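The sequence shown runs 15 to 513 under my numbering.
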Amino acid sequence: MKEIGHFINGKEVKGTSGRTAEIFNPATGEVQATVALASKSELDRAVTLAEEAQFKWASTNPQRRARVLMKFIELLHANMDKLAETLSSEHGKTIPDAKGDVIRGLEVAEFCLGAPHLLKGDFTDSAGPGIDMYSMRQPIGVAAGITPFNFPAMIPMWKFCPAIAAGNAFILKPSERDPSVPMMLAKLMIEAGLPEGILQVVNGDKESVDAILDNPTIGALGFVGSTPIAEYIYSRGCSNGKRVQCFGGAKNHMIIMPDADLEQAADALVGAGYGAAGERCMAISVAVPVGQETADRLIEKLIPRVEALKIGPFTGGDDVDLGPVVTKAAQQRILGLVDQGVNDGAKLKVDGRGFQMQGYENGFFVGACLFDNVTPDMEIYKQEIFGPVLSTVRTNSYEEALNLAMSNEYGNGTSIFTRDGDAARDFANRINIGMVGINVPIPVPLAYHTFGGWKKSAFGDLNQHGPDSFRFYTRTKTITSRWPTGIKDGANFSIPTME
Ligand code: NAD
15 MKEIGHFING KEVKGTSGRT AEIFNPATGE VQATVALASK SELDRAVTLA
65 EEAQFKWAST NPQRRARVLM KFIELLHANM DKLAETLSSE HGKTIPDAKG
115 DVIRGLEVAE FCLGAPHLLK GDFTDSAGPG IDMYSMRQPI GVAAGITPFN
165 FPAMIPMWKF CPAIAAGNAF ILKPSERDPS VPMMLAKLMI EAGLPEGILQ
215 VVNGDKESVD AILDNPTIGA LGFVGSTPIA EYIYSRGCSN GKRVQCFGGA
265 KNHMIIMPDA DLEQAADALV GAGYGAAGER CMAISVAVPV GQETADRLIE
315 KLIPRVEALK IGPFTGGDDV DLGPVVTKAA QQRILGLVDQ GVNDGAKLKV
365 DGRGFQMQGY ENGFFVGACL FDNVTPDMEI YKQEIFGPVL STVRTNSYEE
415 ALNLAMSNEY GNGTSIFTRD GDAARDFANR INIGMVGINV PIPVPLAYHT
465 FGGWKKSAFG DLNQHGPDSF RFYTRTKTIT SRWPTGIKDG ANFSIPTME
């Protein structure tokens, strides 16, 4: 059986903790590999080696650092099929979706090619007599990233590309459920010319995460995952004096106005609700039609679309719409929540609970489920299901729909479908959610904008990728210098002013 270790100083090494986790193929339910779970001492050692390598890397000019990413991008394209296949075999998503996972990360690497420009400082000539003032962005030193299972290529790249381009060394702690692609990415970075020690992949669970949180050398830490863990990491990391940004869970609402093109809205809902088996932080999990007539027409259009969804393994060909969920525990949890929704009185219009994939009876498949008449007090509304389950909450007015999304504790993404520009503009201005789509169901910003939610979907004040990422992984230093030195104005005991 394949044993996945850690990636330290340019090569894969075996774990020494004696602890491992099993890696499943979600389509078959079989264990296909094990991954080492690092101890505190293994994590601390990786950090020490990273720290030793970092100074030289930070003194390499930013253009040369960017060139490593340029080569890395080429290698990602050259290895796309292998990356996607490996990703799908551990995650379960379809091959086209796995390629999208790689590409959305690659686009951030492309953005980071602008590092020389993004790291430029400011200069004020003659700020005082013989005085010049300039500020520059310097790397933090050693930064770390803790990432979730659902985007094992994209999110690690969102973290390490800007951090490394800015001159940091980086410790990546990927999800223990699908660690192979992060390991491949680290190998490709070395092949692209990255010096050893600048990108260390330490596999593990809570023990290695706690070691990251308590390691005094790690100055900045980015996390993506569920909200309870995000809250824990944010508070422990901050109290240890680190710069921390944590991106958490979501419950994304799509508001469908009476004037919307309902064919378009229904297509958007099935793609955004069931793609990747609903395991996306930007998945739409709540449909909010405005008006009973809109709701009736929408449900009528959704039912045949949801029933027609093709579920299968990633090897099932191009017409598979969604694969299994990631683990048996996730499958059982989702099915349990669907049962609870039925018991709570929601109307299950499409019931995927009995779905069996022929030839893959032990796979972690969940059939697509569609609920109508969900109310905000129900568990299926309150919890992030993270599965192929779409809940419909009927509302009687635009204000009621807006308030529903506004009152939800999460604030990652949302969308409105309408032909009314006034409503769309009002929605975009008033909604307390970080990423908004107007007739766009999954409004994931592109690499040169920033990605981040509000409320319980994000903790910390800077977003991922875009210009914020270079701000997060650097510190500003401002230098005030006086040349020539010959100016003699004696001792001054007041705060310096330019008066
Ligand atoms: P998770 O919170 O279970 O795990 C995320 C990371 O935290 C993993 O690396 C894991 O090893 C680690 N971890 C898990 N339990 C821990 C603990 N008790 N102490 C310390 N570390 C721990 O999340 P997941 O199931 O891998 O991913 C799905 C979640 O991620 C969903 O909630 C989804 O919405 C969220 N997500 C959010 C975004 C975003 O940008 N907001 C993007 C993708 C996924």
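We treat Cβ as the ideally placed atom computed from N, Cα and C, and that holds for glycine. Just so it is clear, the structure is predicted and the values come from calculations on it, not from any experiment.
C-alpha distance - Lys54 paired with Leu336, whole-angstrom precision | 38 Å
The alpha helix (DSSP H) with Ala129 in it runs from where to where?
-> Ala129 to Leu132
Cα separation between Asp139 and Leu418?
-> 53 Å
Which stretch, first to last residue, makes up the beta strand (DSSP E) that contains Ser471?
-> It is not in any beta strand (DSSP E) - Ser471 carries neither H nor E in the DSSP assignment.
Does DSSP put Pro459 in a helix, a strand or coil?
-> coil
Just tell me which of Ala279, Asp482 and Gln345 has its CA closest to the CA of Glu314.
-> Ala279
Rounded to a whole number of angstroms, what is the C-alpha to C-alpha distance between Ile348 and Ile399?
-> 6 Å
Validate contact between the stretch 76 to 84 and the stretch 113 to 127 using beta carbons, cut 8 Å, 3 pairs | yes
Candidates Glu99, Asn217, Gly451 and Ala282, of which the one nearest Ala52 by Cα = Asn217
Neighbour-count burial assignment, Pro12, 16 or more Cβ in a 10 Å radius = A query on residue 12 cannot be resolved here, the shown segment of the chain reaching from 15 to 513 and no further.
Alpha-carbon to alpha-carbon, Lys201 and Phe21 | 8 Å
Kindly identify the DSSP beta-bridge partner or partners of Thr30.
-> BP columns for Thr30 are empty, so no partner.
Could you tell me which residues DSSP pairs with Thr492 in its beta bridges?
-> Ser149
Among Ile430, Asn376, Gly427 and Thr488, the one whose alpha carbon lies nearest that of Gly43 | Asn376
With Pro303 as the anchor, note down where its beta strand (DSSP E) starts and where it stops.
-> Ile298 to Pro303
Out of curiosity, what's the CA-to-CA distance linking Arg59 and Met197?
-> 18 Å
When burial is assigned at 16 or more other CB atoms within 10 Å of the CB, is Ala157 buried or exposed?
-> buried
First and last residue of the uninterrupted beta strand (DSSP E) at His267 = Asn266 to Ile270
Could you tell me whether the Cβ atoms of Leu515 and Ala301 are closer together than 8 Å?
-> The displayed coordinates of the chain run from 15 to 513. Any statement about residue 515 would go beyond what the structure contains.
Starting from the N-terminal side, write out each stretch of the alpha helix (DSSP H) that is 4 residues or longer and does not extend beyond the stretch 288 to 360.
-> 306 to 321 and 342 to 357
Own chain partners of Phe369 with C-beta closer than 7 Å, once the 5 adjacent residues on each side are dropped = Ile325, Phe379, Val380 and Gly381
Segments of 3+ residues assigned as beta strand (DSSP E) that fall wholly inside the stretch 24 to 69 | 25 to 27, 34 to 39 and 44 to 50
Where Ala183 falls: helix, strand or coil (DSSP) | strand
Going by the beta-carbon positions, is the gap between Ala41 and Gly114 smaller than 8 Å?
-> no
Report yes or no: do three or more beta-carbon pairs, one from the stretch 178 to 185 and one from the stretch 482 to 493, lie closer than 8 Å?
-> yes
Near the ligand NAD: Tyr8 beta-carbon under 7 Å from a heavy atom | Because residue 8 is not part of the residues shown, which for the chain are 15 to 513, the question remains open.
Measure the Cβ-Cβ separation of Arg257 and Thr490 and say whether it is below 8 Å.
-> no
Tell me whether Val215 counts as near the ligand NAD, meaning its Cβ is closer than 7 Å to at least one heavy atom of that ligand.
-> no
By Cβ distance, which residues of its chain are closer than 7 Å to Leu476, with the 5 residues on each side in sequence left out?
-> Gln259, Asp482, Arg485 and Phe486
With distances taken between CB atoms, is the gap from Met449 to Asn422 smaller than 8 Å?
-> no
Could you tell me the boundaries of the alpha helix (DSSP H) in which Val195 lies?
-> Ser194 to Glu205
Relative to the ligand NAD, is the shortest distance from any of its heavy atoms to the C-beta of Ser240 smaller than 7 Å?
-> yes
With distances taken from CA atoms, which of Asp273, Glu17, Met171 and Lys265 is nearest Gly435?
-> Asp273
Measure the alpha-carbon distance for Glu36 versus Ile18 and round it to whole angstroms.
-> 10 Å
Is it the case that the CB of Lys187 approaches a heavy atom of the ligand NAD more closely than 7 Å?
-> yes
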